[in-house]
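With our numbering as the guide, the letters of the sequence shown map in order to residues -16 to 371. Even for Gly, the Cβ is constructed at its ideal location relative to N, Cα and C. If you're wondering where the values come from, they're calculated on a predicted model, not measured in any experiment. Working notes for the structure below.
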Amino acid sequence: MIVSARYLLTIGALLGGVRAKKSLVAPKGAEVLTVGVVGDYGWVGWTPVPDHFCLEVLPELVADGITIPNEVLNDCDPGDKSSLANATVFQTDTAAYIGQVCSMKNCSAFISVGDSIYDSGVDFSTGGILRFQEAWVDMYSQGVFEHAPWYQCLGNHDIVKGQSAVDFQTKIAPKYDSRWYFGTKGLPYYTYDLVGKDWTATFVVVDSDCFLSKYQKNTSVYYNDYTIECHKHTKVQVDFLAETFKKSKADWKFLQVHHPYMSSSTNYTTDLMPLIKIVEEHNGIVINGHDHCLAHYVFNSTNHILSGGAGYTQAGDCNNGIKLGPYAKFLAANAEAAANGFVTMDISKHGVNVEYYTRDMQFDGSDLYAVKQDLMPSYSFEITKKSK
Ligand SMILES: *[C@@H]1O[C@H](CO)[C@@H](O)[C@H](O)[C@H]1NC(C)=O
Ligand SMILES: *[C@@H]1O[C@H](CO)[C@@H](O)[C@H](O)[C@H]1NC(C)=O
Ligand SMILES: *[C@@H]1O[C@H](CO)[C@@H](O)[C@H](O)[C@H]1NC(C)=O
Ligand SMILES: *[C@@H]1O[C@H](CO)[C@@H](O)[C@H](O)[C@H]1NC(C)=O
Ligand SMILES: *[C@@H]1O[C@H](CO)[C@@H](O)[C@H](O)[C@H]1NC(C)=O
């Protein structure tokens, strides 16, 4: 096809327009700003690899010494495959629930702690774009979601496809939908401020995938070009956190990451220590996901807020509601189930009011997690000790 110069000019102008388009940000100047913290959600539209391949073909290929792409291995995960039907309903119902609570509470933005797209995430391919549309763009599109930015963060499911996955989420997704915020430099780590009438909150987003030593084993599905490289340079992200917190005069300083330092299933104590030390020096606050439940931990005087309940919940991730030590202040789980839900933070000069919303999980004629009044918080606490 011969394309006219005039047509090319038009296309150029269009792309120019796209390039100039800025992501949405939270409104400035509020006395109290409410944000929703959401994690571990994007299941809808995931098509796993068929059983025939995973159970019969794959073992033969492995025996023949053929390398299987991580994406395929991960999309064969038997646990995730069996969860899919329930996970799809849980994400959808929880999205509606978050919308309901947030229209009541007037949430102005969402803060994501990652695992935005299961199972092997998105990359710059047709399949990636379709998943992004289905699991995120269409899922969170109505009511309060319509104009609220999501300050994004990478989780392990988001990086299975390596650099292309990271590029999609940091550089392409923000152009596709202006509500998807990933900093201004196209990097997997960034900072932003929420600015109120007489207060500021500084958030630093770090990719904890780069810090996990177990992802550096060549048998890990998370071992790829991106994680190999960023693991060599974790100091870049540690220094970024240290410098940003040092320069910031904010009342409240948050570290926003996917993996938990404190957990009821797996503490990533050693791996994440360099980051947490900096948070502790500044009286900061940690928000994370990865464990598929909601919890509040206090360790070394630092609050760790877990909000991993917006998709498929797992009681074991919150140790079936049994506290492993005095650091565990709240676990939204019992012997059978963990609650779907999310966390809101009402940020002001005076403090950060943290509320945990758990959904009454009516499902298939039974109630998987009964909550009498699920439009009220199940648990809350207030942070009044300022960051420094
Ligand atoms: C919701 O919060 C925003 C940001 O603070 C504010 O501008 C707006 O007036 C609030 N809306 C309502 C209905 O309170
Ligand atoms: C899905 O939900 C049904 C109905 O509550 C339950 O019986 C089943 O065990 C769940 N499956 C998974 C994998 O969670
Ligand atoms: C994986 O690592 C092990 C031990 O570190 C090594 O022996 C093996 O050759 C590696 N395999 C590949 C495919 O790189
Ligand atoms: C995590 O660390 C805390 C504090 O040291 C400890 O009490 C708890 O048992 C650890 N959790 C797990 C799952 O090992
Ligand atoms: C906890 O606090 C103690 C005393 O302030 C400090 O020595 C230690 O390094 C802290 N632990 C972590 C994991 O930050």
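A contact is defined here as three or more CB-CB pairs under 8 Å, and the stretch 231 to 240 meets this definition with respect to the stretch 263 to 272. Taken from the Cβ of residue 207, every heavy atom of ligand 3 lies 7 Å or farther away. For residue 213, the enclosing alpha helix (DSSP H) begins and ends at 208 to 215. Straight across, the Cα-Cα distance linking residue 216 with residue 356 is about 47 Å. Nearest Cα to residue 285 within the set 222, 299, 296 and 367: 367. Under DSSP, residue 365 takes part in a beta bridge, and its partners are 336. Contact annotation: residue 100 and residue 325 have beta-carbon atoms that are not nearer than 8 Å. Around ligand 1, the residues whose beta-carbon falls short of 6 Å from at least one of its heavy atoms are 10, 13, 16, 89 and 91, given in chain order. Non-local C-beta neighbours of residue 8 in its own chain, meaning closer than 6 Å and more than five positions away in sequence, comprise 132, ordered along the chain. Collapsing the DSSP output to three states places residue 136 in coil. Contact between the stretch 182 to 194 and the stretch 211 to 231 is established, with three or more Cβ pairs separated by less than 8 Å. If you draw a 10 Å sphere on the C-beta of residue 87, you find fewer than 16 other C-beta atoms in it, and that means exposed. Between the alpha carbons of residue 302 and residue 247 lies a distance of about 5 Å. Distance from the CA atom of residue 115 to the CA atom of residue 235, rounded to whole angstroms, is 32 Å.
When the beta-carbon positions are compared, residue 16 and residue 179 come within less than 8 Å of each other. Judged by beta-carbon spacing, residue 118 lies within the 8 Å limit of residue 28, meaning their Cβ atoms are closer than that value. Distances between the C-beta of residue 282 and the heavy atoms of ligand 4 include at least one below 7 Å. Nearest neighbour of residue 162 by Cα position, chosen from 135, 255, 39 and 347, turns out to be 135. Listed as beta-bridge partners of residue 271 by DSSP are 289. The alpha-carbon of residue 334 is positioned some 8 Å away from that of residue 369. Distances between the C-beta of residue 347 and the heavy atoms of ligand 2 include at least one below 7 Å.
A residue is called buried once 16 or more other Cβ atoms fall within 10 Å of its Cβ, and residue 256, having fewer, is exposed.
Excluding residues up to 5 positions away in sequence, 93, 95, 293 and 325 lie with their Cβ nearer than 6 Å to the Cβ of residue 21 in the same chain. With at least 16 other beta carbons inside 10 angstroms of its own, residue 122 counts as buried.
For residue 119, the three-state secondary structure derived from DSSP is helix. Checking the 7 Å criterion, the Cβ of residue 303 is out of range of every heavy atom belonging to ligand 2.
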